[in-house]
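Here's the structure, in structure tokens; my notes come after.
Protein chains in written order, with our numbering: chain F, 4 to 115; chain G, 89 to 202.
Following this line, the structure appears as structure tokens:
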């Protein structure tokens, strides 16, 4: 079974709007990561947040982590057409080594 | 620049044939992983390796095998291809010694079993 589950499964917004997607997971984690996948391509790392962090920013990305609720959110501000992609959360469980467990992803469409 | 490459990018094979997908990384990473991606399932871990001669089963390892004879390569073998193994396969690597466990992904191999 998947460790992470993203919500919503799909999201359609206008350029310039913000996009928010959520990730819930089941077990304690070492860190949580977000990846982007453009159609037909491999995954690209966006941001990592450690279990002792609550919020992290990188450019137009903002990630929050609530370990008590076992959930994380990814906010993309001022979205652009180039942000159209699938976004995946992945959890790293330290006891299991350095392997990542991925959720099913959120497909984001940014309309120009 | 360091990179991770997969070959072939596309493969069509027949049921029952043995197939090997190649993964080569020049990051000098200790960790290497194979995932498969199917609609509705996201990415699922098949096998992984934390170093030379180390291999471990992931969530969906049945029908697959890997070997790690050097740092750079982790080939994935389908012993007897089945239609259920039609999927997109991704190889990834990461550095256990690094500050983060960020994974770097290859471009993927689209495998069709007919």
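Note that beta-carbon positions come from the ideal geometry of N, C-alpha and C, so glycine has one too. These numbers come from a predicted model, not from an experiment.
For residue 102 of chain G, which residues in the same chain have their Cβ closer than 8 Å to its Cβ, ignoring the five residues on either side in sequence? 169, 201, 202
Spell out whether any CB of chain F is found under 8 Å from the CB atom of residue 116 of chain G. Among the residues facing chain F, residue 116 of chain G is not included, as its CB has no counterpart in that chain under 8 Å away.
Any heavy atom of the ligand MN closer than 7 Å to the CB of residue 142 of chain G? With respect to small molecules bound, the structure shown includes none, and the ligand MN cannot be examined in it.
Please list the partners that residue 190 of chain G has in chain F, where partner means a Cβ-to-Cβ separation under 9 Å. 36, 48, 51
Considering only DSSP beta bridges, list what residue 119 of chain G is partnered with. G:182
Distance between residue 72 of chain F and residue 178 of chain G (C-alpha atoms, nearest Å): 30 Å
Take every Cβ of the stretch 77–86 of chain F, pair it with every Cβ of the stretch 7–21 of chain F, and state whether three or more of those distances are shorter than 8 Å. yes
In three-state DSSP terms, what is residue 69 of chain F? strand
Assuming residue 116 of chain F contacts residue 77 of chain F (C-beta within less than 8 Å), just tell me the rounded distance between them. Chain F is shown only over 4 to 115; residue 116 of chain F falls outside these bounds and no answer can be derived.
Hey, would you say residue 151 of chain G sits closer than 8 Å to residue 133 of chain G, going by beta carbons? no
Give me the chain G residues within the contact set of residue 103 of chain F, using Cβ-Cβ distance strictly less than 7 Å, ordered along the chain. 191
Since residue 44 of chain F meets chain G, which of its residues come closer than 8 Å, beta carbon to beta carbon? 195, 196
Can you tell me which of G:160, G:124, G:141, G:100 puts its alpha carbon nearest to the alpha carbon of residue 149 of chain G? G:124
Cβ-based burial, residue 86 of chain F [other Cβ within 10 Å; buried from 16]: buried
For residue 189 of chain G, which three-state DSSP category applies? coil
Looking at the structure shown, is residue 36 of chain F part of a helix, part of a strand, or coil, going by DSSP? strand
Work out the CA separation of residue 114 of chain G and residue 180 of chain G for me, nearest whole Å. 12 Å
Quick one: using the 10 Å Cβ neighbour count with 16 as the cut-off for buried, is residue 95 of chain F buried or exposed? It is buried - the Cβ of residue 95 of chain F has at least 16 other Cβ atoms within 10 Å.
Which term fits residue 35 of chain F, buried or exposed, when burial requires 16 or more other beta carbons within 10 angstroms of its beta carbon? Its Cβ being crowded by 16 or more others within 10 Å, residue 35 of chain F is buried.
If you measure from the beta carbon of residue 136 of chain G to each beta carbon in chain F, is any gap under 8 Å? yes
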